[in-house]
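Single-structure report; data block below.
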Amino acid sequence: MVLNTIRDADLKNKRVLIRVDFNVPVKDGKVTDATRILAALPTINYILEQPGASLVVMSHFGRPKGKKNPDFSMVPVGKKFEELLGRPVKVASDVIGDEVEKEVKALKPGEVLLLENCRFYPQEEANDPEFAKTLASYGDVYVNDAFGTAHRAHASTEGVAHYLPSYAGFLIEKEVKFMAPLLENPEKPFVAIIGGSKVSSKISVLESLVKTCDTIVIGGGMAYTFLKVQGHSIGKSLVEDDYLETAKSFLSAAAAKNVKVILPVDHVCAEQFAEDAAPIEVDSIDIPENLMGMDIGPKTTAMIVDALKDAKSVVWNGPMGVFEFAAFAKGTEAVAKALAASNATTVVGGGDSVAAVNKFGLADKISHVSTGGGASLEFLEGKELPGVKALEK
Ligand code: ADP
Ligand code: MG
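All you need for the working numbering is the position in the sequence shown, starting with 1, plus 15.
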């Protein structure tokens, strides 16, 4: 997958329409976490460094459900954006309409206009062509740097690309640079570590990655469904009985492809699902009837660390245990540390796995920490992301 990127674009004297993900947490009119704004700055600064370029910025913010609602106004976001950018940012009066058109036309080189919340209009999520055309009329070129919404075909993420020359910003470029090879031609050995709570939400990722990986680790809550299929007792652990057949066929498919599957061989269990539950180590694959698996045990961790030893690429999606509870976070922390220490190209995707990596302060030791929860999951499932597809060469 090769994208048109802003490096390929001639942005001189152009009015650039950019879609970013400024869907940041706001409390009492103040942005409480500006990570997403900061993440977009390299692309935005690059554009503004091009002589004569000006910028129309669009994003969604919260869920105003297609209606204008001052609670979801971009004004507080614009304030923070202005502060971090270090130059004036005007927040537009609306998303479409005569007034906005005037504000866009009045833009001078180097100036920045942030449109109001594009989800103030139902046409945004409906990917209405007329609405997309209007947005497109605000720019000479279109740049998308909102990976987190790239799995949605909305007017500002996909529709608009039909009407303008379209380029990926640095964020989307990096996401694709690290994730596409995992599905196409990963450096081998390639180890995939998949966890999280549910088989149902991860089976597509497993089925996609099994095509290119050499070893696949299955941990977290979903592992017990696989262990049950293999005839093990799993006690009171999380299980999806509807997915036993699916799990079974996955295991045979992996075996047919000579992909090594690592399932937990020991566990940290609890009597009930609670933060203050006492951790009980179970040194066998089988779990006693009165216990539930809450984390992988030390032998399993050692197996994963060993599998990572000569890996050249690693992808991790889904925690190995209930890492939100300190007593059951060890397996997840050990995996995060193993990735951080690895010489392989390491990619972490998924909301909770990324949260875990951040919690353990290891994000800067991972080759790529994906910025899109749902989008990175769909990417790893091998699905086409409409917002990315629109930027392909
Ligand atoms: P990601 O967001 O990284 O894709 P998921 O959303 O699939 O990950 O799964 C994360 C959730 O899985 C966490 O909230 C974690 O507590 C839960 N989980 C992991 N292991 C277990 C387990 N053994 N039992 C119950 N829940 C688990
Ligand atoms: Mg999650």
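Backbone N, C-alpha and C fix where the C-beta goes; we use that ideal spot for every residue, glycine too.
These numbers come from a predicted model, not from an experiment.
Assess, as a yes-or-no matter, whether the region 210 to 217 is touched by the region 235 to 242 under the definition of 3 or more beta carbon pairs within less than 8 Å. yes
Name the two residues that bound the continuous alpha helix (DSSP H) containing D321. For this step, residue 321 is matched to residue 306 along the sequence shown. Residues 313 to 323.
Inter-residue CB distance, A326 and F193 (contact presumed, cutoff 8 Å): Position 311 of the sequence shown, counted from the start, is the residue given in the question as residue 326. Position 178 of the sequence shown, counted from the start, is the residue given in the question as residue 193. Incorrect: roughly 15 Å between the Cβ atoms, too far for contact.
Taking the alpha carbon of K94 as the reference point, which residue from D155, P79, V41 has its own alpha carbon closest? Counting from 1 along the sequence shown, the entry for residue 94 is found at position 79. Looking at the Cα atoms, V41 is the closest of the given residues.
So R477 is in the alpha helix (DSSP H); what residue range does that whole segment cover? Any answer about residue 477 is impossible in this case: the structure gives the chain only from 16 up to 408.
Closer than 7 Å to a non-hydrogen atom of the ligand ADP - does that hold for the CB of P334? Locating residue 334 in the sequence shown gives position 319, where the first residue counts as 1. Checking the Cβ of P334 against the ligand ADP gives yes.
Out of curiosity, what's the CA-to-CA distance linking L392 and G364? Along the sequence shown, read from residue 1 onward, the residue named residue 392 stands at position 377. Along the sequence shown, read from residue 1 onward, the residue named residue 364 stands at position 349. Each residue's alpha carbon lies about 7 Å from the other.
Is there contact between the region 303 to 322 and the region 175 to 190, where contact requires at least three CB pairs shorter than 8 Å? no
In this structure, how does DSSP classify H177 when only helix, strand and coil are distinguished? Looking up residue 177 in the sequence shown gives position 162. H177: helix per DSSP, three-state reduction.
So, using beta-carbon positions, are G333 and F162 closer together than 8 Å? Taking the first residue of the sequence shown as position 1, residue 333 is located at position 318. Taking the first residue of the sequence shown as position 1, residue 162 is located at position 147. Result no, Cβ atoms of G333 and F162 do not sit closer than 8 Å.
Going by DSSP in three states, C133 sits in which element: helix, strand or coil? Your numbering for residue 133 matches position 118 in the sequence shown. Three-state DSSP puts C133 in a helix.
Spell out a yes or no on whether the region 115 to 125 and the region 167 to 179 are touching, meaning 3 or more CB-CB pairs, one atom from each, closer than 8 Å. no
Do G409 and the ligand MG come close, with the Cβ less than 7 Å from some heavy atom? This structure gives no information on residue 409, because the portion of the chain shown stretches from 16 to 408.
Please return the same chain residues whose Cβ sits closer than 7 Å to the Cβ of E255, not counting the five positions on each side in sequence. Along the sequence shown, read from residue 1 onward, the residue named residue 255 stands at position 240. If we look at E255 and ignore the five residues flanking it on each side, its Cβ neighbours are K213, V214, S215, T240.
Cβ neighbours of E173 in the same chain (closer than 7 Å, five flanking residues each side left out): Position 158 of the sequence shown, counted from the first residue, corresponds to residue 173. Result list for E173: N142, P401, G402, A405, in chain order.
Beta carbon of V110, beta carbon of L130: below 8 Å? Numbered from its first residue, the sequence shown carries residue 110 at position 95. Numbered from its first residue, the sequence shown carries residue 130 at position 115. It is a contact, given that the beta carbons lie within the stated cut-off.
Among V39, F37, T360, V337, which residue has its Cα nearest to the Cα of V329? Looking up residue 329 in the sequence shown gives position 314. It is T360.
Within 7 Å: the Cβ of K374 and any heavy atom of the ligand ADP? Position 359 of the sequence shown, counted from the start, is the residue given in the question as residue 374. Because no heavy atom of the ligand ADP lies under 7 Å away, the Cβ of K374 does not count as near it: no.
Below 8 Å on the Cβ atoms is my guess for V244 versus L266; work out the distance and round it to an integer in Å. Residue numbering aside, residue 244 sits at position 229 when the sequence shown is read from its first letter. Residue numbering aside, residue 266 sits at position 251 when the sequence shown is read from its first letter. Going by Cβ atoms, the distance from V244 to L266 rounds to 7 Å, so yes, they are a contact pair.
For the beta strand (DSSP E) holding N19, just list the boundary residues, first then last. Residue 19 sits at position 4 when you count from the first residue of the sequence shown. Element bounds for N19: n/a, residue is neither H nor E.
Within 10 angstroms of its Cβ, does K83 collect 16 or more other Cβ (buried), or is it exposed? Start at 1 with the first residue of the sequence shown, and residue 83 comes out as number 68. Exposed, because fewer than 16 other Cβ atoms sit within 10 Å of the Cβ of K83.
Rounded to whole angstroms, what's the CA-CA distance from V92 to G336? Just pull it up for me. Start at 1 with the first residue of the sequence shown, and residue 92 comes out as number 77. Start at 1 with the first residue of the sequence shown, and residue 336 comes out as number 321. The straight-line gap from Cα to Cα measures roughly 35 Å.
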